[in-house]
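These notes are about the structure you will find just below.
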Amino acid sequence: MHTEHRRVEWRYNTNVYEINLRQYTKEGSFNAFAKELPRLRKMGVETLWFMPVTPISKEKMKGSMGSYYACSDYTSINPEFGTLDDFKKLIGAAHEAGFKVILDWVANHTGWDHVWTLEHPEYYQRDGNGNFKAASGMDDIIELNFNNPGLVEAMIEAMKFWIKECDIDGFRCDLAFWVTLDFWKKARPVLDQIKPLFWLGEFDALDNPDYLEVFDAAYTWTWMHKTEAFYKNERNLPALENLLYQYKEIFLPGTTGLYFTANHDENSWNGTEFEKYGDMAAALAVFNCTWEGIPLLYSGQELPNLKRLQFFEKDPIEWNGKYELEDFYKKLFSLRRENPALAAGDGKVETRILDFKLDQHIFGYTRKSGNNAILVLLNLSPYPGRFMNKNTGISGKCKELFSNEEKDCSADEWFELPAWGYKVFVK
Numbered sequence: 004m005h006t007e008h009r010r011v012e013w014r015y016n017t018n019v020y021e022i023n024l025r026q027y028t029k030e031g032s033f034n035a036f037a038k039e040l041p042r043l044r045k046m047g048v049e050t051l052w053f054m055p056v057t058p059i060s061k062e063k064m065k066g067s068m069g070s071y072y073a074c075s076d077y078t079s080i081n082p083e084f085g086t087l088d089d090f091k092k093l094i095g096a097a098h099e100a101g102f103k104v105i106l107d108w109v110a111n112h113t114g115w116d117h118v119w120t121l122e123h124p125e126y127y128q129r130d131g132n133g134n135f136k137a138a139s140g141m142d143d144i145i146e147l148n149f150n151n152p153g154l155v156e157a158m159i160e161a162m163k164f165w166i167k168e169c170d171i172d173g174f175r176c177d178l179a180f181w182v183t184l185d186f187w188k189k190a191r192p193v194l195d196q197i198k199p200l201f202w203l204g205e206f207d208a209l210d211n212p213d214y215l216e217v218f219d220a221a222y223t224w225t226w227m228h229k230t231e232a233f234y235k236n237e238r239n240l241p242a243l244e245n246l247l248y249q250y251k252e253i254f255l256p257g258t259t260g261l262y263f264t265a266n267h268d269e270n271s272w273n274g275t276e277f278e279k280y281g282d283m284a285a286a287l288a289v290f291n292c293t294w295e296g297i298p299l300l301y302s303g304q305e306l307p308n309l310k311r312l313q314f315f316e317k318d319p320i321e322w323n324g325k326y327e328l329e330d331f332y333k334k335l336f337s338l339r340r341e342n343p344a345l346a347a348g349d350g351k352v353e354t355r356i357l358d359f360k361l362d363q364h365i366f367g368y369t370r371k372s373g374n375n376a377i378l379v380l381l382n383l384s385p386y387p388g389r390f391m392n393k394n395t396g397i398s399g400k401c402k403e404l405f406s407n408e409e410k411d412c413s414a415d416e417w418f419e420l421p422a423w424g425y426k427v428f429v430k
């Protein structure tokens, strides 16, 4: 049974920019980051996702600074970043500039010395010896017990704090699928009453489709892994297309996927987008911004950042004053915001994968809404491609987003793309 939530309208054309505050500036503070707002807004960023801003547990802490995700108090601020007032000021400035702000929420577990371990030890799961239970594979965090009604109430109250105190616009819910679906079903309607929120869940829609009852957007990890495998060893385009059809089936009306080539976990543990996708990284970025879904950009991708940022130590992004990919993302983000054909999770948009029969490396699709139409062509191979214009279903004059090349998308017979190239034609 699908409950109707008050899903916020602005989610249709948004994008998400993830902020790793510790590594963003030398200072690693709210106030230092505030200076970046005009630049990010000019680039077309819509929603700012702050990694957790709560204080970090000292007990069993990893490295010299610990993990953002090992919280010691759900309703305080990590002094590393500044004060609650600094954060409120930053959110106020972000709202004034036109951003939405979502907060990373870690409901599943806390650090070992969270205030609740003393005040409410009954909120926690226990291992066979009656001790707090470490999360699987992560010994700096312990698991909460969502069968305890007291915990459920306390968690919802803690989430209320950030909406009421800081006026945030939604949550990015860490490991949402490790928490009972029941909890999210209880929490969302209560919190949406304070103000309608945007709910982004960290779970793959294919693995946990039932969580889409609550969440507006879900991760697309399967796509992330499949595209990396595609680049590195198995060039099988039909398998990728097939996966996209599977996602299409699974997303309920009003829900959609989050697409990305980097985020905090991927960058630190599995490599930068260039380590993972090499020459295909740019074509995938174009895909993320033009396919049915919400694109995510991680701190520094506009630079582009070529290093893995350390997770438990200070390791600032090496900004150099040149934002080489700023214009690339600005074009894509502006098109997304202004063109109804790129709306995500909106039933009025028709997305169609094209069949370039003999050209097995060419991935093309159209997106249409009313009179608005967009044709995206990606060459997913290391060879330049020249291929026949098979019925794209788009008639009349089109202009290419990056080069301004003009074409009659129905009459011109040939398309050309460089190796790993991309073109976005806008009617």
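Count along the sequence shown from 1, then add 3; that gives the number in this note's numbering.
Ideal Cβ placement from N, Cα and C applies to all residues, glycine included.
Next item on the list: State whether the region 182-195 contacts the region 140-151, with contact taken as three or more CB pairs (one from each stretch) at a distance under 8 Å.
Entry: Enough Cβ pairs lie closer than 8 Å, so yes.
Check: Can you give the Cα-Cα distance for I22 and W52, rounded to whole angstroms?
Finding: Cα to Cα, the separation comes out at about 6 Å.
Check: Is there at least one non-hydrogen atom of the ligand MN closer than 6 Å to the beta-carbon of M162?
Finding: Among the components of this structure there are no ligands whatsoever, and the ligand MN is therefore not found.
Next item on the list: Provide the residue(s) that pair with L106 in DSSP beta bridges, ordered along the chain.
Entry: F53 and F174.
Margin query: For T28, tell me which candidate among K38, V19 and Y20 has the shortest Cα-Cα distance.
Written below: Here the closest residue by C-alpha is K38.
Next item on the list: Could you check the C-alpha separation between D219 and I320 for me, to the nearest Å?
Entry: Using only the alpha carbons, I get a separation of about 31 Å.
Next item on the list: Quick one: grab the DSSP three-state call for H5.
Entry: Here H5 scores only 49 on pLDDT, less than 50, and its place in the model should not be relied on; the value that follows carries that caveat. Three-state DSSP puts H5 in coil, outside helix and strand.
Item checked: Whether L378 touches T395 by CB criterion (7 Å) -> In contact: L378 and T395 (Cβ atoms closer than 7 Å).
Check: Exposed or buried, which one is M4 when buried takes at least 16 other CB atoms within 10 Å?
Finding: Because the pLDDT of M4 is 40, which lies under 50, any placement of that residue in the model is unreliable, and the question is left without a value.
Item checked: Per-residue DSSP class, three states only, for Y425 -> In this structure, Y425 counts as strand in the three-state DSSP scheme.
Item checked: Reference T264, options G47, Y234 and N291, closest by Cα -> With respect to the C-alpha of T264, the residue from G47, Y234 and N291 having the closest C-alpha is N291.
Next item on the list: Ignore the nearest five residues each way along the sequence and tell me which others in L287's own chain have a CB closer than 7 Å to its CB.
Entry: Result list for L287: T230, T264 and Y280, in chain order.
Notebook entry, point to check: Excluding sequence positions up to five away, which residues of its chain have a Cβ less than 7 Å from the Cβ of N34?
Noted result: Close CB contacts of N34 within its chain, under the 7 Å cut and outside five residues either way in sequence, are with G85 and D89 (chain order).
Notebook entry, point to check: Quick one: is M391 buried, meaning 16 or more other Cβ sit within 10 Å of its Cβ, or exposed?
Noted result: M391 should be labelled exposed.
Notebook entry, point to check: Which whole-angstrom value describes the C-beta separation of K63 and W115, a residue pair presumed to lie in contact below a C-beta threshold of 8 Å?
Noted result: That pair is a contact at about 5 Å.
Check: Within the chosen definition, does the region 100-109 reach the region 125-138 through at least 3 CB pairs nearer than 8 Å?
Finding: Judged by Cβ distances under 8 Å, the region 100-109 makes no contact with the region 125-138, as fewer than three pairs qualify.
Next item on the list: Grab me the residues of R25's own chain with a C-beta within less than 6 Å of its C-beta, minus the 5 sequence neighbours each way, in chain order.
Entry: Apart from the 5 residues on each side of it in sequence, R25 sits with its Cβ closer than 6 Å to the Cβ of G31 in its chain, given in chain order.
Next item on the list: Kindly identify the DSSP beta-bridge partner or partners of C74.
Entry: Looking at the DSSP assignment, C74 forms a beta bridge with I59.
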